[in-house]
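Encoded as structure tokens, the structure appears first; notes follow it.
Protein chains: 2
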Amino acid sequence: MVRKLIQNIMEKNAPVVVGLDPMLSYIPEQVKKEAFERYGETLEGAAEAVWLYNKAIVDAVYDLIPAVKPQIAMYEQFGIPGIIAYKKTVDYCHGKGLVVIGDVKRGDIGSTSAAYAAAHLGTVTVGGKTYAPFDEDFATVNPYLGTDGIQPFVDVCKKEDKGIFVLVKTSNPSSGEFQDRSIDGKPLYELVGEMVNRWGEETRDGAYSNVGAVVGATYPEMGRLLRKVMPHAYILVPGYGAQGGKAADLAPYFNADGLGAIVNSSRGIIAAYKQERYASFGAEHFAEASRQAVEDMLADIRPVIG
Amino acid sequence: MVRKLIQNIMEKNAPVVVGLDPMLSYIPEQVKKEAFERYGETLEGAAEAVWLYNKAIVDAVYDLIPAVKPQIAMYEQFGIPGIIAYKKTVDYCHGKGLVVIGDVKRGDIGSTSAAYAAAHLGTVTVGGKTYAPFDEDFATVNPYLGTDGIQPFVDVCKKEDKGIFVLVKTSNPSSGEFQDRSIDGKPLYELVGEMVNRWGEETRDGAYSNVGAVVGATYPEMGRLLRKVMPHAYILVPGYGAQGGKAADLAPYFNADGLGAIVNSSRGIIAAYKQERYASFGAEHFAEASRQAVEDMLADIRPVIG
Chain A
154 MVRKLIQNIM
164 EKNAPVVVGL
174 DPMLSYIPEQ
184 VKKEAFERYG
194 ETLEGAAEAV
204 WLYNKAIVDA
214 VYDLIPAVKP
224 QIAMYEQFGI
234 PGIIAYKKTV
244 DYCHGKGLVV
254 IGDVKRGDIG
264 STSAAYAAAH
274 LGTVTVGGKT
284 YAPFDEDFAT
294 VNPYLGTDGI
304 QPFVDVCKKE
314 DKGIFVLVKT
324 SNPSSGEFQD
334 RSIDGKPLYE
344 LVGEMVNRWG
354 EETRDGAYSN
364 VGAVVGATYP
374 EMGRLLRKVM
384 PHAYILVPGY
394 GAQGGKAADL
404 APYFNADGLG
414 AIVNSSRGII
424 AAYKQERYAS
434 FGAEHFAEAS
444 RQAVEDMLAD
454 IRPVIG
Chain B
154 MVRKLIQNIM
164 EKNAPVVVGL
174 DPMLSYIPEQ
184 VKKEAFERYG
194 ETLEGAAEAV
204 WLYNKAIVDA
214 VYDLIPAVKP
224 QIAMYEQFGI
234 PGIIAYKKTV
244 DYCHGKGLVV
254 IGDVKRGDIG
264 STSAAYAAAH
274 LGTVTVGGKT
284 YAPFDEDFAT
294 VNPYLGTDGI
304 QPFVDVCKKE
314 DKGIFVLVKT
324 SNPSSGEFQD
334 RSIDGKPLYE
344 LVGEMVNRWG
354 EETRDGAYSN
364 VGAVVGATYP
374 EMGRLLRKVM
384 PHAYILVPGY
394 GAQGGKAADL
404 APYFNADGLG
414 AIVNSSRGII
424 AAYKQERYAS
434 FGAEHFAEAS
444 RQAVEDMLAD
454 IRPVIG
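The listed protein sequences derive, respectively, from chains A and B.
According to my numbering, the first sequence is numbered sequentially starting from 154.
According to my numbering, the second sequence is numbered sequentially starting from 154.
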């Protein structure tokens, strides 16, 4: 799957991913009105608003971008109807040729991790039939439980040609509380990075592996180090834009081949119309504002990788 | 919520929780047959089998136990129908007076963690209406992202009188890869334990806090240390039974008051009928086998806490 991701990135000259993390507060009134007229002020209504909003944004930007990253928490908060909207979004984005990174941050052990891997990347067998329940292309995974938690995902990645991004150094202010602590002279994130490298050996597909890593844009020095520690890992970089990461900070995350990283922006794209900069679009044209924000992000990032 | 949990534990003299982690391979043929006749060999059929199986087991054991711990991965693997069965199980167990620990191991940052907390423990507002989407009583949470990931859960726990169990030392063989690594002379799990203590200060309700911890039964010496590090945390103890933890290993997880820990068994209870020991029940009487296994577990554990 990393091969398909790279192909999409190269075709569109766009090492970016749009985070589909819809909050109701981002969604323009006219979209909510349409959804609530259909389903009332219910979880179904909220899910419909999320879906209409996503669809409009995806329609407006899909030709510019290689991938999307729906954040499942934002759907899960609307219960079952929310998860139905998540799945609808995954399928719709596939129909548009996009790689779908399920930002699910799952992680457990043994048969439980295997169940999560089956749910999001693999298949389950029911009697004589086989189903792919959520069928994302990549999933984000938490490493705290060690190899027992990761290996079931790696096994599914090998079998189904899918991928994972393991949390290594997250973009948030308190990520250092544990991740930066020094162990035998190395920070924990570096040890996790070394393990990502090891977990990825079995799933190399060309220069890169189907086991990637999450490293926040807000810590470029750590990005530089981790780039060296995990030469074959694709790095998913959150934290650009709304969280404070700047384009100039992104260079260390890329390899000399101009590949190796994909930069996420969520709020900065999907709620662009709320920014001063895009205010002229108005809430009516929120999707066009998102398209302009993607174009501006690309113009900002492309020079960094030459 | 820890108060309600303790009340249930004391009423039933049972510091145990039954893990509702159904795998299709555990479910007797006659239950699968009934479900597949109704819905075919589909995800809906699998979810129905899971639900029928859970319901029979809960009906057979609810009067003996204070709490259940459904493992959401086992439901998520059946897609949307699986998650509907999860929610049905949560609601059914509430109807039986049980405390429900959602074993979801979620964890993210900021507004995303807040969305998970709302989904599982709190409420969301849609227009003028408010909903509690999954409405478990406790959720398990992953600490790798630090305070930014935990605080949104703590906030919801305070507002809604709910609780969390933070992963500190997990029961799996590779849990030591990161959790046991030494930082300034202390293992990482101890640092996480210290943070659990700090996160829990705001939600003390009597001797215990609504912020608890997960510490595996398979590491009793670490349990002894962590009991001291987190005097007010309730400890959820997985790994008893099928994973190899013995009753004699459990004493260090309890406080002198005979409280402070709740021991989970999943496969050992719900798939008891598959064990040599309970084979005489037969697959037809799988739920009675589960009841006997709960009684045997209680007889095994009660002497440990005096």
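For every residue, glycine included, the Cβ atom is placed at its ideal position computed from N, Cα and C.
Please report the distance separating the alpha-carbon of Gln160 of chain A from that of Ile415 of chain A.
Taking the straight line joining both Cα atoms gives about 13 Å.
Starting from Ser264 of chain B, trace the alpha helix (DSSP H) both ways and give me its first and last residue.
263-273 is the extent of the alpha helix (DSSP H) around Ser264 of chain B.
Residues near Gly346 of chain A in its chain [Cβ-Cβ closer than 7 Å; skip 5 each side]
So the qualifying residues of the chain are Val321, Ala366, Leu379, Val382, Met383.
What residues match up with Gly255 of chain A in a beta bridge as DSSP calls it?
Answer is A:Ala292.
Touching by the beta-carbon criterion (3+ pairs, under 8 Å), the region 388-398 of chain B and the region 342-359 of chain B:
Fewer than three beta-carbon pairs drawn from the region 388-398 of chain B and the region 342-359 of chain B are found closer than 8 Å, and the two stretches are therefore not classed as touching.
Sufficient close CB pairs (3 or more, under 8 Å) joining the region 181-196 of chain B to the region 197-206 of chain A:
Too few Cβ pairs lie closer than 8 Å, so no.
Please work out which residues of its chain come closer than 7 Å, Cβ to Cβ, to Lys311 of chain B, disregarding the five sequence neighbours upstream and downstream, and give them in chain order.
Non-local C-beta neighbours of Lys311 of chain B in its own chain, meaning closer than 7 Å and more than five positions away in sequence, comprise Glu355, Thr356, ordered along the chain.
Just checking my contact of Asn295 of chain B with Asn295 of chain A at CB under 8 Å: how many whole Å lie between their CB atoms?
Going by Cβ atoms, the distance from Asn295 of chain B to Asn295 of chain A rounds to 5 Å, so yes, they are a contact pair.
Is there a Cβ of chain B sitting closer than 7 Å to that of Val253 of chain A, yes or no?
Interface annotation, Val253 of chain A: not in contact with chain B, CB-CB separation never under 7 Å.
Per DSSP, what kind of secondary structure is Leu217 of chain B in: helix, strand or coil?
The answer is coil: DSSP assigns Leu217 of chain B none of H, G, I, E or B.
Using the Cα positions of Asn408 of chain A and Asp288 of chain B, report the straight-line distance between them to the nearest angstrom.
Spanning the alpha carbons of Asn408 of chain A and Asp288 of chain B requires a straight line of approximately 45 Å.
Using CA atoms only, rank isn't needed, just tell me which of A:Lys249, A:Gly281, A:Tyr426, A:Ala370 is closest to Ile454 of chain A.
Check the Cα spacing between Ile454 of chain A and each of A:Lys249, A:Gly281, A:Tyr426, A:Ala370: the tightest is with A:Ala370.
In or out: Lys222 of chain A buried (at least 16 other Cβ within 10 Å) or exposed?
Taking all protein chains shown into account, Lys222 of chain A has 16 or more neighbouring C-beta atoms within 10 Å of its C-beta and is therefore buried.
Please classify Ala401 of chain B as buried or exposed, where buried requires at least 16 neighbouring CB atoms within 10 angstroms.
So Ala401 of chain B counts as exposed.
Would you kindly check if the distance between the Cβ of Ala432 of chain A and the Cβ of Ala446 of chain A is under 7 Å?
No, the Cβ-Cβ distance between Ala446 of chain A and Ala432 of chain A is not below 7 Å.
Return yes when the Cβ of Thr265 of chain A is within less than 7 Å of the Cβ of Gln224 of chain B, no when it is not.
Yes, Cβ-Cβ distance for Gln224 of chain B and Thr265 of chain A is below 7 Å.
Going straight from the alpha carbon of Asp333 of chain B to that of Ser327 of chain B, what length do you get?
Cα to Cα, Asp333 of chain B sits roughly 10 Å from Ser327 of chain B.
Is it buried or exposed for Ala226 of chain B, if we count other Cβ within 10 angstroms and need 16 for buried?
Buried.
For chain B, find out if any of its Cβ atoms is closer than 7 Å to the Cβ of Asn363 of chain A; answer yes or no.
No, Asn363 of chain A does not count as interfacial toward chain B.
Any chain A beta carbon closer than 7 Å to Ser327 of chain B
Answer yes: the Cβ-Cβ gap between Ser327 of chain B and chain A drops below 7 Å somewhere.
Per DSSP, what kind of secondary structure is Leu341 of chain B in: helix, strand or coil?
In this structure, Leu341 of chain B counts as helix in the three-state DSSP scheme.
Going along the chain, which residues of its own chain have a beta-carbon closer than 8 Å to the beta-carbon of Lys427 of chain B, five neighbours each way excluded?
Hits under 8 Å: Tyr179.
Just tell me which of B:Val171, B:Leu158, B:Glu164 has its CA closest to the CA of Ala440 of chain B.
Out of B:Val171, B:Leu158, B:Glu164, B:Val171 has the C-alpha closest to the C-alpha of Ala440 of chain B.
Secondary structure of Asp333 of chain B, DSSP reduced to three states:
Asp333 of chain B: coil per DSSP, three-state reduction.
Under the rule that 16 or more other beta-carbon atoms within 10 Å means buried, what is Ser335 of chain B, buried or exposed?
Ser335 of chain B is exposed by the Cβ-count criterion.
Own chain, CB closer than 7 Å to Asp358 of chain B, minus 5 neighbours either side, in chain order
Excluding its 5 nearest sequence neighbours in each direction, Asp358 of chain B has C-beta neighbours in its own chain below 7 Å: Val155, Arg156, listed in chain order.
Mind checking which residues open and close the beta strand (DSSP E) that includes Leu173 of chain B?
That run of the beta strand (DSSP E) goes 169-173.
Less than 7 Å between the C-beta atoms of Ser362 of chain A and Gly353 of chain A, yes or no?
Yes, they are a contact pair.
I'd like to know if the region 227-235 of chain A and the region 271-284 of chain B are in contact, where contact means that at least 3 CB-CB pairs between them fall below 8 Å.
Output reads yes: the region 271-284 of chain B touches the region 227-235 of chain A.
Can you find a CB in chain B that lies within less than 7 Å of the CB of Tyr269 of chain A?
Output row for Tyr269 of chain A: interface = yes.
Minimum Cβ-Cβ distance from Lys322 of chain B to chain A less than 7 Å
Any Cβ of chain A closer than 7 Å to the Cβ of Lys322 of chain B would place that residue at the interface, and such an atom is absent.
Asp290 of chain B versus B:Val457, B:Gly316, B:Gly248, B:Asn417, residue with shortest Cα-Cα distance
Nearest of B:Val457, B:Gly316, B:Gly248, B:Asn417 to Asp290 of chain B, Cα basis: B:Gly316.
In three-state terms, what does DSSP make of Ala409 of chain B?
DSSP places Ala409 of chain B outside both helix and strand once states are collapsed to three, so it counts as coil.
Give me the subset of the region 219-251 of chain A whose CB atoms are less than 8 Å from a CB atom of chain B, sorted by chain position.
Against chain B - using a Cβ distance shorter than 8 Å - the residues of the region 219-251 of chain A are Gln224, Ala226, Met227, Glu229, Gln230, Phe231, Gly232, Ile233, Gly235, Ile236, Ile237, Lys240.
9 Å Cβ cut-off: residues of chain B touching Leu344 of chain A:
Within chain B, the residues Glu330, Phe331, Arg334 have their CB atoms less than 9 Å from the CB of Leu344 of chain A, given in chain order.
The region 252-267 of chain B in contact with the region 294-308 of chain B per 3-pair CB rule at 8 Å
The region 252-267 of chain B vs the region 294-308 of chain B: in contact.
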